[in-house]
Amino acid sequence: MKQANLVGEKEIAFEEVEKPTPEDGEVLIEVKSCGICGSDVHSYQGEHPFVHPPIVLGHEFSGVVSETGKDVKNVNPKDKVVVEPNIVCNDCYNCNHGRYNICENLQVIGNVGYDGAFADFIAVPEEKVIKIPEDMGFEEGALVEPTAVGVHAVRISDQKLGDKVVVIGAGTIGLVTLVAAKDAGASETIITDLEDSRLERAKNLGADHAVNTGELDDGLSEFIQAEFGKDGADIIFDCVGFDNTLNQAIEAARKGTQIMLVGVPKGNLDVNMAFVQDRELDIQGSLMYVQRDFKTAVNMIDRGQIKTEDLITNRFDFEELEEAFELAIDPSNMGEKLKVMVNF
Ligand SMILES: [Zn+2]
Ligand SMILES: [Zn+2]
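Per our numbering, the very first residue in the sequence shown carries number 18; after that it's consecutive.
What follows is the structure in structure tokens.
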């Protein structure tokens, strides 16, 4: 089989390797679609703090079960599946308390300690394999992983039915978080971005207000109050994780409310912690998902809440993976592209 090994900075080697044999409890999957994630882009450029080549990237994937190892009970050859890519120890405090997404010994398929899905086949533990409906497309399947990130952030947040919600950032994660927040009963939503085409997508996905923060005369707080009334937002999701976006959230948050940090910050942020203390703000991080979030995401996509055309802007064949990454890192077309999908 063929695998695309990241061997150095912006250097992918297509290697012919032996097809893995599933060990006891493992499932061998023929990969069909795999999205390129922001973290893959950082890894490709040598900017990811925890990813060190050589590694096969790819963790947003769908495929078909090809073979099952001994003791595999719940999936069979030909099943259409997606894979939850967090590999955990099942032994630490958080694994024992239902929060294995923050396992002390977390590994991530295609990211940390485990080769990923930019390969014809991948073997994974059965407990990480989730069946998708027979009529779900493989590209839809590959959108389950990023969707689950938004589902998890909303599920662990304080959001209640009828809340007014702000989402900062209309990239893939911002958009799926918006849809999850609406699904969870948000009564009114604002989403922000600096790219108008992304804001258009957000409107198509049901955002009540989509605002380009680069074009606001006053700050985000004033915009929120104008749309939501004097009490402002009940909860803010920062799906970017920059100093300025988190500061926007801190300044705009009503006293005593929650800010969910879903975007991945690049290390230390310069933010106004005096406001956090003085206003009793609750900043809560959100990482990945657990299996119930993955299943909710499968269901949301199956119900048509998120469609491929909402998120996928570019498609490449596996053989063109390097071109796909070059497009993904190109800063000149940020507005037009969102999810880059690789098909096998
Ligand atoms: Zn990802
Ligand atoms: Zn653990």
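Don't be surprised by glycine CBs; every beta carbon is placed ideally from N, CA and C.
Selected residue, minimal CA-CA separation from residue i, among the options
i, options, result
"L45", "E244, E64, S83", "S83"
"V48", "A198, N289, A21", "A21"
"F240", "K283, F335, L192, Q265", "Q265"
"V58", "D347, E121, V315", "D347"
"E340", "E28, K19, R320", "E28"
"I323", "G258, G154, F259", "G154"
"N261", "D319, L211, D152", "L211"
Cβ neighbour criterion (16 or more within 10 Å) applied to residue i
i, result
"E157", "buried"
"T274", "buried"
"N118", "buried"
"L233", "exposed"
"F67", "exposed"
"D108", "exposed"
"Q176", "buried"
"I149", "buried"
"K220", "exposed"
"Y61", "buried"
"L160", "buried"
"K97", "buried"
"S174", "buried"
"G167", "buried"
"K95", "exposed"
Helix, strand or coil at residue i according to DSSP, with G and I counted as helix
i, result
"R271", "coil"
"D210", "strand"
"C51", "strand"
"T194", "helix"
"K90", "coil"
"L338", "helix"
"F135", "coil"
"F361", "coil"
"T60", "Here the sequence assigns Ser to residue 60, which means Thr is not the residue at that position. S60 falls in the helix class under three-state DSSP."
"Q366", "Outside the displayed span of the chain (18 to 361) sits residue 366, for which this structure offers no information."
"D248", "coil"
"G130", "strand"
"A140", "strand"
"G201", "For the sequence presented, residue 201 should be read as Ala rather than Gly. Note: A201 maps to coil in three-state DSSP."
heavy atom of ligand 2 below 6 angstroms from residue i C-beta
i, result
"V125", "no"
"T257", "Looking at the sequence provided, one finds Val at residue 257 rather than Thr. Outside the cutoff, so no."
"N122", "yes"
"V105", "yes"
beta-carbon residue i near ligand 1 non-hydrogen atom, thresh 6 angstroms
i, result
"S303", "no"
"S50", "no"
"C54", "yes"
Inset, instruction - Pair every Cβ in the segment 266–282 with every Cβ in the segment 201–216, then say whether three or more of these pairs are closer than 8 angstroms. - result: Because the criterion of three Cβ pairs below 8 angstroms is not met, the segment 266–282 and the segment 201–216 do not touch.
Legend entry - contact_flag[the segment 180–194, the segment 278–294] where n(CB pairs < 8 angstroms) is 3 or more: Touching, yes, given that three or more Cβ pairs across the two stretches are closer than 8 angstroms.
Legend entry - At least three beta-carbon pairs within less than 8 angstroms, the segment 137–145 to the segment 341–356: Too few Cβ pairs lie closer than 8 angstroms, so no.
Legend entry - Cβ pair count under 8 angstroms reaching 3, the segment 299–310 against the segment 327–337: Contact between the segment 299–310 and the segment 327–337 is absent, because fewer than three Cβ pairs lie under 8 angstroms.
Inset, instruction - Decide if the segment 119–128 is in contact with the segment 287–294; the criterion is three or more beta carbon pairs, one per stretch, under 8 angstroms apart. - result: Of all C-beta pairs linking the segment 119–128 to the segment 287–294, fewer than three are shorter than 8 angstroms, placing the two stretches out of contact.
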